[in-house]
Amino acid sequence: MIKKIFLTAAASILPILGSCNSNPIVPPEDKPGRRDYTWTVDTLNMPMNWVTSVWGSSPQNLWAVGGGGTGYDRLQHYDGIKWSAYTKEWINIGGETLYGFSENDIWMGGSGGWGDGSAAAIWHYNGSKWSKNFIYKVEGARSSADVVDIWGDRPDDIYACGTIGYLIDGKDIWRGFVLYYDGSDWKEVIKADFNSQFVGIRKDIYNINFFPNNAYVFSYEPSYVSSDSDRFAFYQVSDRQLSQIYANIEKNITWASFNVIKGDLYFLIDKDAYLYRNKTFVKQFSVDKPNLWYLITGRNSKDIFLSMSDGLVHYDGTDFQYLYYFHVPYIHILSSILFEKDVFFGMIYGDKNLILHGKLKE
């Protein structure tokens, strides 16, 4: 009886909902991002290290990490004024990635650290202390295992990916893996059965209605034949299965990457940016500048930043313009975090670790 009443009530609502479709709510169009930034560069004290990831809850509370150095300098903190090494705890993890939801809920992934190098590790920060949260170890792995990327929609819906290495018959064999956190525990979703290094993981809000429990993985797949045969591939991870949606060899494309921008997952393949719609890649734009270095990030479809080997370029939906030029060669941007008026980019230059900070003018 209750079910029948509910269905009748629902049916009576449908015509009303249908009548609203004649005047659908249209989201506001993205506005072109501003380009009037002032720029500063900070040098991090991280000897024997590369800053691989930056994340923060605000421009006055940022973290940066690298996989080298020591347990007292590989993790850096910014208070809005200066960067300093975090020394409250011994950070026994070769940190590769940072991701969080608030100043009291931050995740760090990397290798297991001293004594546990054959395992991948995930640490957590609760606002007062960093501590080991999860160790991922696979039997037979040699001393090479890393969580290299973490990303999530909510604190109880987080994915992580990485790579475990084996030495078999004198050859380096790599296996990518995906982990999932449901708010209580980390668990393995899948471990690839082919040569692969999973270096990035994201979700796509557009496809959540079609594939609610899925993520997308970017994989670099070394060849045993020739470096020209090294492969880049994207996979959809759904129901513990990997489905390839794109692959190409390094001989044909220079590089690839992806990132979520305002809920949309942008795939950057060679110099073309795509959205993945209905199992099809739909081109959004082509980068018309040389020297693309393949980091893509942004606030919306008309406020996108692209790393170049000679600087930082901005796309406003119409054209591409340099916001910042490097004055020396071989500076590489590896990570970023964006706020309403501030942008931060983690960079390496030789043995130096740098943070490029852009602030919109008042």
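Numbering (the working numbering), first residue to last: 401 to 762.
For glycine and all other residues, C-beta sits at the position ideal for the given N, C-alpha and C.
Taking just the CA atoms, how far does Glu762 sit from Thr563? To locate residue 563, count along the sequence shown from 1; it is residue 163. To locate residue 762, count along the sequence shown from 1; it is residue 362. Linking Thr563 to Glu762 through their CA atoms gives a straight-line distance of about 44 Å.
Go ahead and pull the three-state DSSP assignment for Asp628. On the sequence shown, residue 628 is found 228 positions in, with the first residue counted as 1. Correct three-state label for Asp628: helix.
For Asn461, which residues in the same chain have their Cβ closer than 6 Å to its Cβ, ignoring the five residues on either side in sequence? The count along the sequence shown starts at 1 and reaches residue 461 at position 61. Result list for Asn461: Glu503, in chain order.
Only counting the same chain, and skipping five residues up and downstream in sequence, which positions put a Cβ closer than 8 Å to that of Gly469? Reading the sequence shown from its first residue, position 69 is the one you call residue 469. Contacts found: Met446, Pro447, Met448 and Asn449.
Less than 8 Å between the CB atoms is what I'm expecting for Leu498 and Val465, so what's the real figure, rounded? Along the sequence shown, one-based indexing puts residue 498 at 98. Along the sequence shown, one-based indexing puts residue 465 at 65. About 6 Å separates the beta carbon of Leu498 from that of Val465, a gap short enough to meet the 8 Å contact definition.
Let me make sure I understand the geometry here. Which of Tyr715, Arg699, Ser736 and Trp693 has the alpha-carbon closest to that of Met708? Numbered from 1 along the sequence shown, position 308 holds the residue referred to as residue 708. With distances taken between Cα atoms, Met708 lies closest to Trp693.
Using a Cβ-Cβ cut-off of 8 Å (strictly less than) and excluding sequence neighbours within five positions of Asp582, which residues of its own chain qualify? Numbered from its first residue, the sequence shown carries residue 582 at position 182. In chain order, Asp556 and Asp557 place their CB closer than 8 Å to the CB of Asp582, counting only its own chain and leaving out the 5 sequence neighbours on each side.
Does the segment 693 to 702 touch the segment 728 to 741, meaning 3 or more C-beta pairs lie closer than 8 Å? Put simply, the segment 728 to 741 touches the segment 693 to 702. At least three CB pairs are less than 8 Å apart.
I'd like the list of long-range same chain contacts for Asp505, defined as Cβ closer than 7 Å, with 5 residues on each side in sequence excluded. What you label residue 505 is simply residue 105 of the sequence shown in a count that begins at 1. Cβ within range, chain order: Pro555.
Are there 16 or more other CB atoms within 10 angstroms of the CB of Leu567, so buried, or fewer, so exposed? Indexing the sequence shown from 1 puts residue 567 at position 167. Label assigned to Leu567: exposed.
What residue range does the beta strand (DSSP E) around Phe681 cover? Counting from one through the sequence shown, the residue named residue 681 turns up at place 281. Phe681 -> beta strand (DSSP E) spans Thr680 to Ser686.
Name the DSSP bridge partner or partners of Ala541? For the purposes of this step, residue 541 is taken as residue 141 along the sequence shown, with counting starting at 1. Note: Ala541 sits in no beta bridge, so no partner.
Where Asn533 and Ala521 are concerned, what is the direct C-alpha to C-alpha distance, given to the nearest angstrom? Residue numbering aside, residue 533 sits at position 133 when the sequence shown is read from its first letter. Residue numbering aside, residue 521 sits at position 121 when the sequence shown is read from its first letter. Taking the straight line from one Cα to the other gives about 8 Å.
To the nearest whole angstrom, what separates the beta carbons of Phe685 and Val743, a pair I think is in contact under 8 Å? For this step, residue 685 is matched to residue 285 along the sequence shown. For this step, residue 743 is matched to residue 343 along the sequence shown. Between Val743 and Phe685 the Cβ distance is about 20 Å, and since that is not below 8 Å, they are no contact.
Taking the CB atoms as reference points, tell me whether His757 and Thr440 lie closer together than 8 Å. On the sequence shown, position 357 is the one that residue 757 refers to. On the sequence shown, position 40 is the one that residue 440 refers to. Result yes, Cβ atoms of His757 and Thr440 sit closer than 8 Å.
Determine the direct distance from the alpha carbon of Gly565 to that of Phe720, and round the result to whole angstroms. Along the sequence shown, read from residue 1 onward, the residue named residue 720 stands at position 320. Along the sequence shown, read from residue 1 onward, the residue named residue 565 stands at position 165. Phe720 and Gly565 have their C-alpha atoms some 40 Å from each other.
Can you name the start and end residues of the beta strand (DSSP E) that Trp574 belongs to? For the purposes of this step, residue 574 is taken as the residue at position 174 of the sequence shown. Per DSSP, the continuous beta strand (DSSP E) segment holding Trp574 begins and ends at Lys571 to Tyr581.
For Trp455, the first and last residue of its enclosing beta strand (DSSP E): Numbered from 1 along the sequence shown, position 55 holds the residue referred to as residue 455. It spans Val451 to Ser458 - the beta strand (DSSP E) in which Trp455 sits, taken as one unbroken run.
From the DSSP output, which residues share a beta bridge with Glu588? If you number the sequence shown from 1, residue 588 lands on position 188. Looking at the DSSP output, Glu588 sits in a beta bridge with Leu579.
Could you check whether Phe632 and Phe658 sit closer than 8 Å to each other, using their CB atoms as the reference points? What you label residue 658 is simply residue 258 of the sequence shown in a count that begins at 1. What you label residue 632 is simply residue 232 of the sequence shown in a count that begins at 1. A distance of 8 Å or more separates the beta carbons of Phe658 and Phe632.
Would you give the residue range spanned by the beta strand (DSSP E) that Lys759 belongs to? On the sequence shown, residue 759 is found 359 positions in, with the first residue counted as 1. Annotation: the continuous beta strand (DSSP E) that includes Lys759 extends over Lys752 to Leu760.
Buried or exposed (CB count within 10 angstroms, at least 16 for buried), Asn652: By one-based count along the sequence shown, residue 652 stands at place 252. Counting of Cβ neighbours within 10 angstroms places Asn652 among the exposed residues, the total staying below 16.
Considering Arg677, what are the terminal residues of the beta strand (DSSP E) in which it resides? Here residue 677 refers to the residue found at position 277 when the sequence shown is read from its first residue. For Arg677, the enclosing beta strand (DSSP E) has its first and last residue at Asp672 to Arg677.
Helix, strand or coil at Ile491 according to DSSP, with G and I counted as helix: Position 91 of the sequence shown, counted from the first residue, corresponds to residue 491. Coil at Ile491, not helix or strand.
Taking Cys561 and Val578 to be in contact with their CB atoms under 8 Å, please state how far apart those CB atoms are, rounded to whole angstroms. Position 161 of the sequence shown, counted from the first residue, corresponds to residue 561. Position 178 of the sequence shown, counted from the first residue, corresponds to residue 578. Sure, about 5 Å apart at Cβ, within 8 Å.
Does Ile605 pass the burial test, meaning 16 or more other C-beta atoms within 10 Å, or should it be called exposed? In the sequence shown, the residue the question calls residue 605 occupies position 205. With fewer than 16 other Cβ atoms from the protein chains shown falling within 10 Å of its own Cβ, Ile605 counts as exposed.
Are Phe634 and Tyr646 touching if we call contact CB-CB under 8 Å? Looking up residue 634 in the sequence shown gives position 234. Looking up residue 646 in the sequence shown gives position 246. Yes. Within cutoff.
Name the two residues that bound the continuous beta strand (DSSP E) containing Val728. The residue you call residue 728 lines up with position 328 of the sequence shown. It is not in any beta strand (DSSP E) - Val728 carries neither H nor E in the DSSP assignment.
Just how far apart, CA to CA, sit Thr763 and Val599? It is not possible to answer for residue 763, since the shown part of the chain is limited to 401 through 762.
Tyr730 vs Tyr749 beta-carbon contact at 8 Å: Position 330 of the sequence shown, counted from the start, is the residue given in the question as residue 730. Position 349 of the sequence shown, counted from the start, is the residue given in the question as residue 749. A contact, by the Cβ cut-off of 8 Å.
Would you kindly work out how many angstroms separate the C-alpha atoms of Leu695 and Asp710, rounded to a whole number? On the sequence shown, residue 695 is found 295 positions in, with the first residue counted as 1. On the sequence shown, residue 710 is found 310 positions in, with the first residue counted as 1. In this model, Leu695 and Asp710 are separated by some 13 Å (Cα to Cα).
Measure the C-alpha to C-alpha separation of Val660 and Lys431 and round it to an integer number of angstroms. As a first step, residue 660 must be located in the sequence shown, where it is residue number 260. As a first step, residue 431 must be located in the sequence shown, where it is residue number 31. Each residue's alpha carbon lies about 18 Å from the other.
Just to check my reading of the structure: Leu444 and Trp463 have Cβ atoms closer than 8 Å, yes? What is that Cβ distance to the nearest angstrom? Mapped onto the sequence shown, residue 444 falls at position 44. Mapped onto the sequence shown, residue 463 falls at position 63. In this structure Leu444 does not touch Trp463 by the C-beta definition: roughly 11 Å separates them, more than the 8 Å allowed.
I'd like the span of the beta strand (DSSP E) that includes Arg602, first residue to last. Walking along the sequence shown from the start, residue 602 turns up at place 202. Following the DSSP letters along the chain, one finds Arg602 inside the beta strand (DSSP E) bounded by residues Gln597 to Arg602.
Rounded to whole angstroms, what is the Cα-Cα separation between Ser422 and Gly512? As a working mapping, residue 422 is identified with position 22 in the sequence shown. As a working mapping, residue 512 is identified with position 112 in the sequence shown. Since pLDDT at Ser422 reaches only 45, below the 50 mark, its modelled position is unreliable, and the value read off the structure follows with that caveat. Approximately 57 Å, taken between the alpha carbons.
Tell me, please, which residues DSSP counts as bridged to Lys662. Position 262 of the sequence shown, counting from 1, holds the residue named residue 662. According to DSSP, Lys662 bridges with nothing at all.
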